[in-house]
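Since the structure comes first, as structure tokens, the remarks are kept for the end.
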Amino acid sequence: MEVYSKTLPTGLSGTCYNLPMSERHLTRTAVFVILEKDNKVFFLRRANTGWADGMLTIPAGHVDKGDFVREAAIKETKEEALVDVQIEDLEFVHVDYIRDEYVNFYFKAQKWTGEPGLGEPHLASEAVWIDKNNLPEDVTPQLKRLFQQINQNSFFSEFNREL
Numbered sequence: 001m002e003v004y005s006k007t008l009p010t011g012l013s014g015t016c017y018n019l020p021m022s023e024r025h026l027t028r029t030a031v032f033v034i035l036e037k038d039n040k041v042f043f044l045r046r047a048n049t050g051w052a053d054g055m056l057t058i059p060a061g062h063v064d065k066g067d068f069v070r071e072a073a074i075k076e077t078k079e080e081a082l083v084d085v086q087i088e089d090l091e092f093v094h095v096d097y098i099r100d101e102y103v104n105f106y107f108k109a110q111k112w113t114g115e116p117g118l119g120e121p122h123l124a125s126e127a128v129w130i131d132k133n134n135l136p137e138d139v140t141p142q143l144k145r146l147f148q149q150i151n152q153n154s155f156f157s158e159f160n161r162e163l
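Residue numbers (UniProt numbering): 1 to 163.
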């Protein structure tokens, strides 16, 4: 490992490490959007994906190369829930890190155009509105934790994968 110094802005100091590519860890980035109306949240029941099939989740997807995070959130919400959300209507609510796997950004929207529905019926079997304060057992553990974090006004968490 090569160590080198770098001039940092006034008041900051540190050591930079030039790691060989084999030592660097790359994570994936995903976005999730909470569509909330009258204390209820729009959920989709996963199907035919190979991960958490049969469980309830919110519109989500990967951030593709070249996308900004909020652009990806808007795109995934349109694809999965059939609604258009404007960038100014996305409220950042949380970010989490799943060890060795993902950095997930969570946004909430309370304003959109269109009627939420099943945008990808081959990947979701049901669309439902659920009271955000009374989540059923079949909501993914990740989202149950998310809503607990939001209720505690926590904007960051990290954990190991459960599913």
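Cβ coordinates follow ideal geometry from the N, Cα and C atoms, glycine included.
Pro116 and Phe42 do touch by the CB rule: their CB atoms are close to 5 Å apart, below 8 Å.
Within the UniProt domain "Nudix hydrolase" (26-152), the runs of beta strand (DSSP E) at least 3 residues long that lie entirely inside it are, in chain order, 28-37, 40-46, 60-62, 91-98, 102-109 and 124-131. DSSP places Phe155 outside both helix and strand once states are collapsed to three, so it counts as coil. Take Lys37, set aside five residues on each side of it, and the residues of its chain with a beta-carbon closer than 8 Å to its own are Gln110 and Trp129, in chain order. Scanning its chain for C-beta atoms nearer than 6 Å, with the 5 sequence neighbours on each side dropped, one finds around Glu80 the residues Pro59, Gly119 and Glu120, in chain order. Taking 8 Å as the cut-off, the beta carbon of Thr49 is found no closer than this to the beta carbon of Tyr102.
Rounded to whole angstroms, the separation of the alpha carbons of Lys144 and Leu135 is 7 Å. Pairing Ala30 with Gly61 gives a Cβ-Cβ distance under 8 Å. Note on geometry: alpha-carbon atoms of Leu123 and Thr57 lie some 12 Å from one another. Comparing alpha-carbon positions, the option among Ser157, Leu82, Trp112 and Asp64 lying closest to Val93 turns out to be Ser157. Taking C-beta separations shorter than 8 Å and ignoring five residues to either side along the sequence, the partners of Phe107 in its chain run Val31, Phe32, Val33, Ile34, Arg70, Ala73, Leu90, Glu91, Phe92 and Val93, following chain order. Cβ neighbours of Gly114 within its own chain (closer than 6 Å, five residues either side excluded): Leu82, Val83 and Asp84.
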